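A.B. asks: One structure is given below, represented as structure tokens, and several questions about it will come after.
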Amino acid sequence: MINLSSTVAYYLYRNFRTIASLAVVAMLSWIWDFRLGLLLTLGVPLYLLILNLSKSFINKGKAMSEPCEEEVASRMVEFAKCQGALRACHTGSNYEALSSALKKADVVGKKSLAWQSVGMFLGGMAKQMLVTVAILLIVGLAVKRSIDVFPAIACIGMVLSFSKMLEDVSGNVAGTEERRQQMDRIDALMDTGELKEAEYSHEFKDIGSIEIKNVSFSYDKKNRVLNDISFTVNPKEMCALVGPSGSGKTTIEHLIARFYDVDDGSIKVSGADVRDIKIKDLMGQLSMVFQDVYLFNESLLDNIKMGNPNANEEEIKKACDLAGVTEIANRLPDGWNSRVGEGGSSLSGGERQRVSIARALLKKSPIVLLDEATSALDAENEAHIVKSMEELRKNATLIVIAHKLETIQRADKIVVLSKDGRIEQIGKHDELIKKEGAYKKFWDYRVSTSNWQLV
């Protein structure tokens, strides 16, 4: 961003310098001959007007092609990164989405080229016309003996120098405009509204409690994801969120962490409304294990210590043993100092979740949010994570988006969500299983599928 700003400043400086030189040449032309001075003085505004028109054509062409170019770049990266899935679907060498993007880019690119060509032609033509008329005027004056030969030659040289300056202005404007478009994108990102942060945090009274009251929420302010939901979780309780895909389970956890603000209602963490808590203090109350765990391209130990940079060796060892991360370190070539790759690419999905669990254990927050932490895991990874969850449960409140029957059954409270983001039932497993309703249907279906076998 600094380099981009420096480049824009450089082009602006060159523009000012060239325009100043143009002004000097224009004044000198009045000294040589008032007709030449009049031509250059009137010609420059006309040239700049045509140049502005030229710029609008070029910008229109770029505006047409840029979205297609971005789509092609995105599809090419996708094509390269997802070769395994594509080959499994027999599309490893013919990815339709990429082919379509390339075809569209080709069609739009030709239209874009036409618009930009017209713009460049107008800009070049304006300069050449001004220079040609000026030279013809000088030659005419020389023929009529209104000006001597040597001054005429000097005037032609001055006009050619003038045209070079106009060309420089045109190039500088184009360079500035190209960087301006990049700056506009950065400005749009920087101007994105921030969540209003409290000036000071309210005192935490009921550490580890969560109260969600009459909460409604939508990402686009139109289609509601959550509709008037209310429930409470007491300190050190385990609450399982159950419901179909798209019912708002992950959204609830994101709202508790205040990644977004609710449209209606309120959410209290440890007795204080999340909107009245400084972000740093709120994060101090929470640990999070998301569905897609991201690890940084640092050592395994550094990734774990992010949960608590001040943790001592004994605390780290205990957390890693419980989460099963010690086994991972033992098999890596450089042990705890092994780099895990960008996003944790050198570890499996289950191993990344174990590292994330170790972070949560190390952080010792009073509330832990787990997003589908027990889904799609092999038996070994699941055993370590279940063991870690039991340890977390001793000292923390757990909000779990659960899929495993055992996890749901162990919960102190189960919140059953409907497809439209409403709460259908709340209670314990033993209570809900006896009532006809969404939970019993869900449970019976999961039990029946758990007994399926490949034969």
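Going by this note's numbering, the sequence shown opens with residue 667, and the numbers climb by one from there.
Glycine included, each C-beta is placed from N, C-alpha and C at the ideal position.
All figures in this text were calculated on a predicted structure; none of them were measured in a lab.
Flag this pair as yes or no: are the beta carbons of Phe787 and Leu706 separated by less than 9 Å?
C.D. replies: On the sequence shown, position 121 is the one that residue 787 refers to. On the sequence shown, position 40 is the one that residue 706 refers to. Not a contact, by the Cβ cut-off of 9 Å.
A.B. asks: Note the first and the last residue of the continuous alpha helix (DSSP H) segment covering Asp1078.
C.D. replies: For the purposes of this step, residue 1078 is taken as the residue at position 412 of the sequence shown. No alpha helix (DSSP H) holds Asp1078; DSSP gives it neither H nor E.
A.B. asks: For His1069 and Arg1076, I'd like the C-alpha separation in whole angstroms.
C.D. replies: If you number the sequence shown from 1, residue 1069 lands on position 403. If you number the sequence shown from 1, residue 1076 lands on position 410. CA-CA distance, His1069 to Arg1076, rounds to 12 Å.
A.B. asks: Smallest Cα separation from Arg724: which of Ala780, Pro711, Cys748 and Ala771?
C.D. replies: Translated into positions along the sequence shown, residue 724 becomes position 58. The residue asked about is misnamed: residue 724 is Ile in this sequence, not Arg. Minimum Cα distance to Ile724 is reached at Ala780.
A.B. asks: With distances taken between CB atoms, is the gap from Pro1032 to Gly909 smaller than 9 Å?
C.D. replies: Counting from one through the sequence shown, the residue named residue 1032 turns up at place 366. Counting from one through the sequence shown, the residue named residue 909 turns up at place 243. No, the pair does not count as a contact, with Cβ atoms beyond the cut-off.
A.B. asks: List in chain order: all unbroken beta strand (DSSP E) runs of 3+ residues lying wholly within the stretch 703-727.
C.D. replies: Runs found: none.
A.B. asks: Just the C-alpha distance for His1050 and Glu1017, rounded to the nearest angstrom, thanks.
C.D. replies: Walking along the sequence shown from the start, residue 1050 turns up at place 384. Walking along the sequence shown from the start, residue 1017 turns up at place 351. In a straight line, the C-alpha of His1050 is about 10 Å away from that of Glu1017.
A.B. asks: Gly914 and Phe883: beta carbons closer than 9 Å?
C.D. replies: As a working mapping, residue 914 is identified with position 248 in the sequence shown. As a working mapping, residue 883 is identified with position 217 in the sequence shown. By the CB criterion at 9 Å, Gly914 and Phe883 fall inside the cutoff.
A.B. asks: Contact check, Lys1029 vs Ser953 under 8 Å by CB: the rounded distance?
C.D. replies: Here residue 1029 corresponds to residue number 363 of the sequence shown, with the count starting at 1. Here residue 953 corresponds to residue number 287 of the sequence shown, with the count starting at 1. Contact holds; Cβ gap of about 5 Å.
A.B. asks: Beta-carbon separation of Ala1024 and Cys986 under 9 Å?
C.D. replies: For the purposes of this step, residue 1024 is identified with residue 358 of the sequence shown, where counting begins at 1. For the purposes of this step, residue 986 is identified with residue 320 of the sequence shown, where counting begins at 1. Their beta carbons are under 9 Å apart, which means Ala1024 touches Cys986 by this criterion.
A.B. asks: Work out the CA separation of Glu1072 and Thr1040 for me, nearest whole Å.
C.D. replies: The residue you call residue 1040 lines up with position 374 of the sequence shown. The residue you call residue 1072 lines up with position 406 of the sequence shown. Legend: pLDDT at Thr1040 = 49, less than 50; position of this residue unreliable, value from coordinates given subsequently. The alpha-carbon atoms of Thr1040 and Glu1072 are separated by roughly 10 Å.
A.B. asks: Rounded to a whole number of angstroms, what is the C-alpha to C-alpha distance between Ala906 and Val928?
C.D. replies: The residue labelled residue 906 in the question sits at position 240 within the sequence shown. The residue labelled residue 928 in the question sits at position 262 within the sequence shown. If you take the alpha carbons of Ala906 and Val928, they lie about 21 Å apart.
A.B. asks: Out of curiosity, what's the CA-to-CA distance linking Met831 and Val797?
C.D. replies: The residue you call residue 831 lines up with position 165 of the sequence shown. The residue you call residue 797 lines up with position 131 of the sequence shown. Whole-angstrom Cα-Cα distance: 12 Å.
A.B. asks: Which class does Arg924 belong to by DSSP, given the choice of helix, strand or coil?
C.D. replies: Here the question's residue 924 lines up with position 258 in the sequence shown. In the structure shown, Arg924 sits in coil (DSSP, three-state: anything other than H, G, I, E or B).
A.B. asks: Out of curiosity, what's the CA-to-CA distance linking Gly1087 and Ser867?
C.D. replies: As a first step, residue 1087 is located in the sequence shown; it is residue number 421 there, counting from the start. As a first step, residue 867 is located in the sequence shown; it is residue number 201 there, counting from the start. About 30 Å.
A.B. asks: Of all the options Asn974, Met742 and Lys777, which has the alpha carbon lying nearest to the alpha carbon of Met730?
C.D. replies: Here residue 730 corresponds to residue number 64 of the sequence shown, with the count starting at 1. Among Asn974, Met742 and Lys777, the Cα nearest to that of Met730 belongs to Lys777.
A.B. asks: Looking at the secondary structure, which residues open and close the beta strand (DSSP E) in which Asn893 lies?
C.D. replies: Here residue 893 is taken as the residue at index 227 of the sequence shown, counted from 1. Arg890 to Val899 is the extent of the beta strand (DSSP E) around Asn893.
A.B. asks: I'd like to know if the stretch 798-816 and the stretch 730-742 are in contact, where contact means that at least 3 CB-CB pairs between them fall below 8 Å.
C.D. replies: Fewer than three beta-carbon pairs drawn from the stretch 798-816 and the stretch 730-742 are found closer than 8 Å, and the two stretches are therefore not classed as touching.
A.B. asks: Mind checking who Met904 pairs with in its DSSP beta bridge?
C.D. replies: Counting from one through the sequence shown, the residue named residue 904 turns up at place 238. Leu1064, per the DSSP bridge assignment.
A.B. asks: Looking at the strands, I want to know which residues DSSP matches up with Leu662.
C.D. replies: The displayed coordinates of the chain run from 667 to 1121. Any statement about residue 662 would go beyond what the structure contains.
A.B. asks: Grab me the residues of Leu967's own chain with a C-beta within less than 6 Å of its C-beta, minus the 5 sequence neighbours each way, in chain order.
C.D. replies: In the sequence shown, the residue the question calls residue 967 occupies position 301. Closer than 6 Å at the Cβ level, and outside the excluded window around Leu967, lie Trp1002.
A.B. asks: Would Gly789 and Lys726 be called neighbours here (beta carbons separated by less than 9 Å)?
C.D. replies: For the purposes of this step, residue 789 is taken as the residue at position 123 of the sequence shown. For the purposes of this step, residue 726 is taken as the residue at position 60 of the sequence shown. Not closer than 9 Å, so no.
A.B. asks: Starting from Phe883, trace the beta strand (DSSP E) both ways and give me its first and last residue.
C.D. replies: The residue labelled residue 883 in the question sits at position 217 within the sequence shown. Taken as a continuous stretch (DSSP letters only), the beta strand (DSSP E) holding Phe883 covers Ile876 to Ser884.
A.B. asks: Could you round the C-beta distance between Lys1094 and Asp1078 to whole angstroms and report it? I think they count as a contact, below 8 Å.
C.D. replies: Counting from 1 along the sequence shown, the entry for residue 1094 is found at position 428. Counting from 1 along the sequence shown, the entry for residue 1078 is found at position 412. 7 Å between Cβ atoms; contact.
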